[in-house]
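Trainee: Last residue of the sequence shown? That's 281 in our numbering, and every number before it is there in order.
Backbone N, C-alpha and C fix where the C-beta goes; we use that ideal spot for every residue, glycine too.
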Amino acid sequence: MTQLIESIAALRAALEPTRRAGRTIGLVPTMGALHAGHVALIERARAECNVVVVTLFVNRLQFNQAADFELYPRTVESDLAACAAAGADYLFAPPQQEMYPDEPRTFVEVEELTEGLCGAFRPGHFRGVATVCAKLFHIAGADRAYFGEKDFQQLAVIRRVVRDLNFPLEIVGVPTVRELDGLAMSSRNARLGAAERAAAVVLWRAIEAARRAFADGERGAAELLAVARRPLDAEPLARTEYVELVDPETLAPLERVEGESRLALAVWIGDVRLIDNAPLK
Ligand code: PAF
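(1) Under a three-way DSSP split, which group does T24 fall into?
(2) Any heavy atom of the ligand PAF closer than 7 Å to the beta-carbon of C133?
(3) Does the beta-carbon of V129, which I'm using as the reference point, lie nearer than 7 Å to any heavy atom of the ligand PAF?
(4) Output yes or no for whether 8 Å exceeds the beta carbon distance between A210 and L274.
(5) Cβ of M185 versus every heavy atom of the ligand PAF: is any distance shorter than 7 Å?
(6) Given this structure, state the Cα-to-Cα distance separating W268 from A21, to the nearest angstrom.
(7) If you run the structure through DSSP and keep just helix, strand and coil, what is P253?
(8) Taking the alpha-carbon positions, what's the D151 to C49 distance?
(9) Should Q62 be listed as close to the ligand PAF, given that the test is whether its C-beta is under 7 Å from any heavy atom?
(10) Check the DSSP bridge columns for E170 and list the partner residues they point to.
(11) Give the DSSP-derived three-state secondary structure of N277 in the structure shown.
(12) What residues in its chain sit with their C-beta under 6 Å from that of E255, if we drop five residues either side in the sequence?
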């Protein structure tokens, strides 16, 4: 059974005995519309922590467009059922008023890491993510927080917040869960029509193409990116926002891939923006 909690005070009260007993709290921050990717985060937290708290909060601070925020799926009932099936103890689903009783005037801003990739196209997005995560970390007092590697830049930003601001918790990155054809699980996939869903696999094809070129010995970033772009350019329903090869920690663009790297891309399929990423080896 997962207990639904809507107020900060009630969550703190529920977690107090756990904290006093020195038992560990695992936090899984989400915006709901839970899918197999979220379930993997909850199951990992369940395996590693004594108490698991999933949060469900559609955070308006991280949306660039009001319409996108309004249209975001709200599915509390099925999310609660998914949390129960995955073994979460609490689902913390506060109303907007509980998290932002006043217009916030304090924000967490991460420099450099947020300037490229998605940050270049979604001004203010990572400020909203970093701010709400800082609030959730404080509210839950968690020992570990779990995030999917699909949102690779988000994961890097949150790790940096925790390091720079000395939050006493460990950030755990969990590998991306994929559909059978390779499409990364995302709440946005539900918005794809049949033709768009078929076209969406092109993100994974782009990654695979670059990986093959890398396995064949190509190390130049421009050449690897050109290979990744080929399937994207050939797909009529796809509009590429960016494809980049970056250092996995600093997210700085690479000229050659000699060590660790991450191929990251954002592609519009119709009016749905999808992202994906993977190491080349
Ligand atoms: O990845 C998400 O769902 C959100 O960005 C997060 C981390 C829950 C913050 O609102």
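Mentor: Considering the structure as presented:
(1) coil
(2) yes
(3) yes
(4) no
(5) no
(6) 48 Å
(7) strand
(8) 23 Å
(9) yes
(10) R144
(11) strand
(12) A221
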